[in-house]
Amino acid sequence: MRFPVSTWILLVSLLLGCGGGGNNKPNDPPQLPTQSVKGSWEVTLSNVDGAQSTGYVEAVLTQSANSVSSTHLEYFQISDTGGGYSWCDASNSQSLSGTINGSKISGTVSTYMGNSTFTADISAGMIYGAWNGNQFHGTFSATQVGPLTGTYAGNMTINDVLNYVTLKIAQDSSGTVLVTGTADQAGTVLLSATPVGRTILASGTVGGLQVRFWAIPISQYELIVCDQAGGSALGRLYKQ
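This note's numbering puts the first residue of the sequence shown at 8, with every later residue one more than the last.
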């Protein structure tokens, strides 16, 4: 029996419409949109060096498609010996590189302790995950942050003399950070500062004396001031 040409055309159309009769392929799963992590972040590390130490990573992240990097990153380790914060360690020249896959991020951070790998989830402006280094490992949480601003007051040692200081930290429209205020023993405070995450590296004069220190927020209402060169804690200031 011979079928008319129109019948053959209909049969071919049906086969093609059904995927060739058995050549069906499952649909590829939908691709999740790449999360954006560009900007300033503050990372709190657990299990850094025993129960008395807390680690902070302050970073400015850049992002190109699903690749993330940072060469503007600082690592801080602050110890509380029971009588208040006694010392802090600020490590320079740190770096981060990573890859985002949907809402997942993984990569490597280089600090003075060596390289640490991390894996984490990104959700609603937060990053939660785990890190594993040469000597230590633990969990971490990260928050996207704005610049450190406001007025803080408290006791601070300046050139080996205890002062009660009031510091006003402000950032202008160009991004320049200025720290002004008074110290009851040393005099007028006039400093410029470089922000990294929510920390600042301040330098300038207090009563004519040269100073250089890190201001590290440890909560919404207080910060630790650390000597940039020696690593000792100079004071603990509270937001006014």
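A virtual CB, placed ideally from N, CA and C, is assigned to each residue, including glycine.
By a beta-carbon distance limit of 8 Å, Leu-52 contacts Phe-147. Their separation comes to about 5 Å. Around Thr-173, the same chain offers Ala-160, Gly-188 and Thr-189 as residues with beta carbons nearer than 6 Å, after the five sequence neighbours per side are excluded. Note on Val-168: under 16 other CB atoms within 10 angstroms of its CB, so exposed under the neighbour-count rule. Under the DSSP assignment, Lys-246 falls in the beta strand (DSSP E) whose first and last residues are 240 to 246.
Counting only runs that start and end inside the region 143 to 226, the beta strand (DSSP E) elements of at least 3 residues fall at 144 to 151, 157 to 165, 168 to 178, 184 to 190, 194 to 203, 206 to 213 and 216 to 224.
For Tyr-135, the enclosing beta strand (DSSP E) starts and ends at 133 to 139. As a beta-bridge residue in DSSP terms, Thr-69 pairs with Ser-76.
Residue pairing for Ala-236: DSSP places it in no beta bridge. Contact annotation, Pro-224 with Arg-243: C-beta distance approximately 11 Å; criterion of less than 8 Å not satisfied. DSSP places Thr-115 in the strand class (E or B) of the three-state scheme.
In the structure shown, Gly-109 adopts coil according to DSSP, grouped into three states. By the criterion of a C-beta distance shorter than 6 Å, Trp-138 is surrounded in its chain by Ser-123, Phe-125 and Phe-147, once the five residues flanking it on both sides are discounted. Beta bridge pairing from DSSP links Thr-124 with Thr-115 and Asn-139.
Here Val-184 is not near Ser-47, since their CB atoms are 7 Å or more apart. Secondary structure at Ser-53: coil, using DSSP grouped into helix, strand and coil.
Taken atom to atom, the span from the alpha-carbon of Ile-231 to that of Ala-72 is near 36 Å. In the three-state scheme derived from DSSP, where H, G and I count as helix and E and B as strand, Ser-130 is classed as strand. The secondary-structure analysis by DSSP pairs Ser-104 across a beta bridge with Ser-76 and Thr-115. When Asn-170, Gly-157 and Glu-81 are compared, the shortest CA-CA separation from Gln-247 is found for Gly-157.
With contacts defined by Cβ atoms closer than 7 Å, Ser-104 and Asp-128 do not form a contacting pair. Judged by beta-carbon spacing, Gly-182 lies beyond the 7 Å limit of Leu-197, meaning their Cβ atoms are not closer than that value. Around the beta carbon of Pro-202, 16 or more other beta carbons lie within 10 angstroms, which makes this residue buried. Taking each of Phe-220, Gln-227 and Glu-229 in turn and checking the Cα distance to Ser-239, the smallest one comes out for Phe-220.
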